[in-house]
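First the structure, in the form of structure tokens, and then the observations on it.
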Amino acid sequence: MDSQFITQFQNKLLEWYDSCARILPWRDNPTPYRVWISEIMLQQTRVDTVKPYFESFMKTVPTIQDLADISEDQLLKLWEGLGYYSRAKNLKKAANAIMQSFNGQIPSDLESLRSLPGIGPYSSGAIASIAFGARVAAIDGNVLRVMARIFANKGDIANRLVKKEIEDLVYELLPTSRVGDFNQALMELGATICLPNGNPKCAECLVNTLCKGYQKGFAAELPIKSKKKERKIEQRTIFIIEYKGTVAIRQRANKGLLSSLWEFPNEVGYLSCEESERKLKEWGITPSHISLSKTSKHIFTHLEWHMIGYYISAQSIQEDSQFIWVNREQVKEQYSIPTAFKAYVEFLNESGKK
DNA sequence: AAGGCGGGGAC
DNA sequence: GTCCCAGCCTT
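Take 0 as the starting number for the first sequence in numbering that gives the first Met the number 0 and just add one per residue.
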């Protein structure tokens, strides 16, 4: 790469970043811990979504030691609604590893960072460069898109070799100082100017004169990405079961979808009223009243839940039930319920007002 | 290399 | 509806 091009690109990009960088909570006092937590939260998650979670997380769990000490249930409650819940579990595992193997200090080298659960190629680069100033790349979806356009690369960015090409280019472009700012500037450009879905604001871009995609007139068509496969649809029946002012919830398995989070009892398929009564009997619950509550739809990345709901008032319950019975306040304050059940949490709150 | 894993914003 | 987001882990 031409050394003059490199210098110009670095200067223009950093100049733009200095004048236009967004004010973000984790950019204020960027300690390794704050950078780490923010980078994990930001995985596949937008800045505006993360902000409030980051603030409350830092208040409740201000240090690595606090993170190593907090219960998983409490941690998942802090993560409630943010999604990709294995991130929270890995965060705690990593905190334990840092206390045990790294003397309570977040490591600064790529390899050690990479060894921690939840920290992959991108996050290790981001933490090493932003928190420690290491001269390493941090390549996320934004950077792939920006670089594909700058160099008019028509390769499929899902391809490993294409990613490697781009990584090599980023390494050539990395400055010797302010590496963290440079990496953040690349991402910031992708998030605010070099937008996806054929919608880049090239006219406002301060590096457009250095952008081959822009010069050739097809920046908006880049990057090339292979198509995603369609989602599977699953029908489910949700049961809101009340007994003496409490409602039944249960904890999901420790693996797979929404692992370890809490949910209302539910079954695959649309159950009729009779089938539901049979299921309740299996669970040792004797209903005094059954009625339909409401339908709801929840879309995951690879799955859709189409849900119907029953409201059940229980006359008696068995002791050895697989459920725990909690009041509305506990549902709201204590247990981490995924957003998929939002409609039924609301139903519960509405029925409680009457 | 491909698929599982949340939830939401923008169009 | 579609795309994709400061990705990582498992198979």
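Note that the Cβ used here is the ideal one computed from N, Cα and C, for glycine as well.
- The Cβ-Cβ distance between alanine 342 and serine 295 falls below 8 Å.
- The Cβ atoms of lysine 163 and isoleucine 156 lie no closer than 8 Å to each other.
- When C-alpha distances from arginine 148 are compared across Lys211, Thr191 and Arg134, the shortest belongs to Lys211.
- Membership of isoleucine 240 in the beta strand (DSSP E) is indicated by the continuous run 231–242.
- Within the region 113–162, the complete alpha helix (DSSP H) segments at least 4 residues long are 120–131 and 140–149, listed from N- to C-terminus.
- Leu194 is the residue among Gly132, Ser176, Leu172 and Leu194 whose C-alpha sits nearest the C-alpha of glycine 140.
- Residue pairing by DSSP places leucine 302 opposite Lys231 in a beta bridge.
- One alpha carbon belongs to isoleucine 336, the other to isoleucine 5, and they sit about 49 Å apart.
- The region 230–250 and the region 265–280 touch, with no fewer than 3 CB-CB distances between them shorter than 8 Å.
- Distances from the CA of methionine 98 to each of Ala67, Ser123 and Lys215 were compared; the closest alpha carbon is that of Ala67.
- Contact between proline 286 and glutamine 314 is confirmed by a C-beta separation of about 7 Å, below the 8 Å threshold.
- Secondary structure at glutamate 79: coil, using DSSP grouped into helix, strand and coil.
- Secondary structure at arginine 327: helix, using DSSP grouped into helix, strand and coil.
- Apart from sequence neighbours up to five positions away, the residues of its chain that approach leucine 221 with a beta-carbon distance below 6 Å are Ala147, Arg148 and Gly212, ordered along the chain.
- Taken through DSSP and simplified to helix, strand or coil, tyrosine 52 comes out as helix.
- Contact annotation: the region 53–65 touches the region 27–44, with at least three C-beta pairs closer than 8 Å.
- Cβ-Cβ distances below 7 Å link methionine 186 to Asp139, Asn141 and Val142 in the same chain, with the five nearest sequence neighbours on each side left out; the list follows chain order.
- Membership of isoleucine 5 in the alpha helix (DSSP H) is indicated by the continuous run 2–19.
- Judged by DSSP secondary structure, serine 287 falls within the beta strand (DSSP E) whose first and last residues are 284–291.
- Straight across, the Cα-Cα distance linking tryptophan 304 with isoleucine 232 is about 6 Å.
- Taking C-beta separations shorter than 7 Å and ignoring five residues to either side along the sequence, the partners of aspartate 180 in its chain run Leu13 and Tyr16, following chain order.
- Nearest Cα to glutamine 250 within the set Lys243, Asp72, Arg177 and Leu81: Asp72.
- Annotation: methionine 0 to glutamate 171 spans about 8 Å, alpha carbon to alpha carbon.
- The beta carbon of alanine 94 sits closer than 7 Å to those of Ile63, Leu66 and Ala67, all from its chain and outside the five residues before and after it, given in chain order.
- The C-beta of lysine 76 has 16 or more other C-beta atoms within 10 Å across all chains shown, which makes the residue buried.
- Relative to tyrosine 52, the option among Ile192, Leu90, Glu79 and Leu188 whose CA is nearest is Glu79.
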